[in-house]
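For reference, the structure is listed below as structure tokens.
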Amino acid sequence: MAKQAAPVQKNDYIDLTFVDLTHEGNGVGKIDGYPVFVPYGLPGEKAKVKIVKVKKNLAFGKLVELIEESEDRIEPPCDVFYKCGGCQIQHMTYERQLKMKQKQVQDVMHKIAHMPDVPVHPVIGMEDPWRYRNKIQVPVGKRDGKVITGFYQQRSHHIIDMDTCPVLNEGADEVFREIRDIIDELGIEPYDEENHRGVIRHIVVREGYHTGELMVVLVTRTKDIPKKNELIERIRNINPNIKGVVQNLNPNRTSVIMGKESKTIWGEDVIIDKIGDLEFAISAHSFYQVNPEQTEKLYQKALDFAKLSGSETVIDAYCGIGSISLFLAQHAKKVYGVEVVPQAVDNAKDNAKRNHIDNAEFYVGQAEKVMPWWRSQGLRPDVIVVDPPRKGLEEELIQAMIDMKPDRIVYVSCNPSTLARDLKQFADGGYVTKQVQPVDMFPQSSHIESVTELVWQV
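Counting in the working numbering, the sequence shown runs from 142 upward without gaps.
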């Protein structure tokens, strides 16, 4: 049988009506059933589109001109939105963003988990979906003899110079911009990725949402920083809430931002922030949710799904600095946290002491190896909570959880696709998925967090 040609060719100009959105927020139109994906297109819109790439089963286009505009389209407040790779969906109303994200979770529950009947609730959104991020890490470069900072252009390492980021807390927004200008004035060379030269690779700024405390991390290629004392002095003077300046050394040719070695070159090693009634010390390497306002809602929903009465034993299998563990410990008999990063476990222990919580213990190790050992020692949890990275859970860990037979599992996920994949394995092991609650941790981006309740089916 002759191979059927695609109905479009590269460089064709076509009129296209968008009927759907991809999970990344791209518009989807169809020509005789053949899908064309176009960034910034919205359902209901008609547009002139240039075809830029053609594959056997789909094509990609570029929006050239809007012929009919959706009522869901708004003007992005960010000057560099259409160049920057940081946000993907500033061009649509927040109501449309939340509907898109709910559908994203519903789709994977149907197509990957094969659980179309599991309730996926409306997304818990924000009253004000701007200025929510408590952390920024921006690459530093040079263009036309001037130091620049900004996020990378989509699918490239070309820095889009920016003066402000509308999803970043105001304090951190001011600090990164001022540091860029100070580096420029002092003549400290930014990193040249192509030639692996220069000093300052990234500027990282963390801000306590409730406390306003700020930490600056300078990621450098070299141990020595020219004019270091003057640089520190000027950074200190930007904002009185700056509590510490940390140097992180990353001498390698790599796209990984942070190196393994950090030292505080002025001030405190940590800043303090709060989630609910709990205080947390956050270091340069700590994993800490970037949207504290929504984190409280996320953790409350995890607590709701855990259904704790005060008599339960809980395992937190990715405990990090102990944020979820300590949240749960206020309502459980005992919490055991396990985390592969030793520094994070030290932070978790310190945070337990800071909050006068003595019914939480933290251990270093891989959960899939520690949990079978706990089981062999007679530990049987009533609830297991997991909050893995985007790649989801290892099969070995899922099996270890199933073998422990907790009454309930609470799965916090930042990737709907890997969540849905893992839920299938839990189902094979005897667990019923009861409900999924998406929480919008990342407004203006296509990412969505969710909390899922699983119950042991006897």
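From the three backbone atoms N, C-alpha and C, an ideal C-beta is built for every residue, glycine too.
Treat the numbers as computed from the prediction; the structure is a model and nothing was measured.
query                                                                                                                                                                        : result
Looking at C-alpha atoms only, which residue of Ile413, Gly182, Val505, Val431 is the closest neighbour of isoleucine 423?                                                   : Ile413
By alpha-carbon positions, which one of Cys219, Leu199, Cys460 ends up nearest to aspartate 173?                                                                             : Leu199
Report yes if the CB atom of threonine 395 is closer than 9 Å to the CB atom of isoleucine 416, and no otherwise.                                                            : no
Spatial neighbours of asparagine 556 within its chain, please: CB distance less than 7 Å, with the 5 preceding and 5 following residues excluded, ordered by chain position. : Arg531, Gly533
Could you spell out where the beta strand (DSSP E) holding tyrosine 552 opens and where it closes?                                                                           : 549-554
Quick one: residues in its chain with C-beta nearer than 7 Å to the C-beta of glycine 353, no 5 flanking neighbours on either side, listed in chain order?                   : Gly312, Asn382
Is DSSP giving alanine 143 helix, strand or coil here?                                                                                                                       : Confidence at alanine 143 is low in this model, with a pLDDT of 47, below 50, so the placement of that residue is unreliable and no value is reported for it.
Cα separation between proline 529 and aspartate 156?                                                                                                                         : 43 Å
Looking at the structure shown, is tyrosine 235 part of a helix, part of a strand, or coil, going by DSSP?                                                                   : helix
Flag this pair as yes or no: are the beta carbons of isoleucine 589 and lysine 242 separated by less than 9 Å?                                                               : yes
Assuming glycine 478 and phenylalanine 503 form a contact by the criterion Cβ under 8 Å, report the distance between their Cβ atoms to the nearest whole angstrom.           : 4 Å
Over the uninterrupted alpha helix (DSSP H) stretch that includes valine 221, give me the two end residues.                                                                  : No alpha helix (DSSP H) contains valine 221, which DSSP labels as neither H nor E.
In this structure, does DSSP put methionine 250 in helix, strand or coil?                                                                                                    : helix
Taking Cβ to Cβ, would you say glycine 182 is nearer than 9 Å to valine 193?                                                                                                 : no
What residue ranges within the stretch 373-404 form continuous beta strand (DSSP E) runs of no fewer than 3 residues, ordered along the chain?                               : 383-390
Can we count leucine 449 as close to the ligand PLP, meaning its CB is less than 8 Å from some heavy atom?                                                                   : Of ligands this structure carries none, so the ligand PLP is not represented either.
Check the DSSP bridge columns for isoleucine 366 and list the partner residues they point to.                                                                                : DSSP lists no partner for isoleucine 366.
Would you say leucine 469 and leucine 444 are within 9 Å of each other, going by their C-beta atoms?                                                                         : yes
Among residues of its own chain, excluding the 5 on either side of valine 355, which ones have a beta-carbon nearer than 8 Å to its beta-carbon?                             : Going by the sequence as given, residue 355 is leucine instead of valine. Within the same chain, leucine 355 has close Cβ partners Gly312, Ala313, Val316, Val346, Arg347, Glu348, Gly349, Asn380, Asn382, Ile383, Lys384, Ile412.
Please determine if the stretch 295-307 and the stretch 217-224 are in contact, where contact requires at least 3 C-beta pairs separated by less than 8 Å.                   : yes
Out of Met267, Gln578, Val431, Val195, which one is the CA nearest neighbour of glutamine 247?                                                                               : Gln578
Between alanine 447 and valine 524, which are expected to be in contact by the criterion C-beta below 8 Å, what is the C-beta distance as a whole number of angstroms?       : 5 Å
If you follow the beta strand (DSSP E) that methionine 545 is in, where does it begin and where does it stop?                                                                : First-last for methionine 545: 536-545, but that is the alpha helix (DSSP H), not the beta strand (DSSP E).
According to the Cβ coordinates, are valine 386 and glycine 408 closer than 9 Å?                                                                                             : yes
At what residues does the alpha helix (DSSP H) containing proline 280 begin and finish?                                                                                      : First-last for proline 280: 276-284, but that is the beta strand (DSSP E), not the alpha helix (DSSP H).
Grouping DSSP H, G and I as helix and E and B as strand, with all else coil, what is alanine 425?                                                                            : coil
Using CA atoms only, rank isn't needed, just tell me which of Asp333, Asn496, His262 is closest to lysine 442.                                                               : His262
Quick one: is valine 481 buried, meaning 16 or more other Cβ sit within 10 Å of its Cβ, or exposed?                                                                          : exposed
Which residues in the same chain have their Cβ closer than 6 Å to the Cβ of glycine 266, if we skip the five residues on either side of it in sequence?                      : Leu239, Asp581
Measuring only the C-alpha atoms, how far is arginine 495 from aspartate 487?                                                                                                : 12 Å
Please identify the residue among Tyr175, Gly170, His298, Glu212 whose C-alpha is closest to the C-alpha of cysteine 225.                                                    : His298
Confirm, please, whether the CB-CB distance from serine 517 to glycine 227 is below 9 Å.                                                                                     : no
Determine the closest residue to phenylalanine 421 out of Leu467, Leu162, Val177, Glu434, with distance taken between C-alpha atoms.                                         : Leu467
Between Lys276, Gln294, Phe428, Glu326, which lies nearest to isoleucine 344 when the distance is taken from Cα to Cα?                                                       : Lys276
Going by beta-carbon coordinates alone, are serine 464 and asparagine 432 separated by less than 9 Å?                                                                        : no
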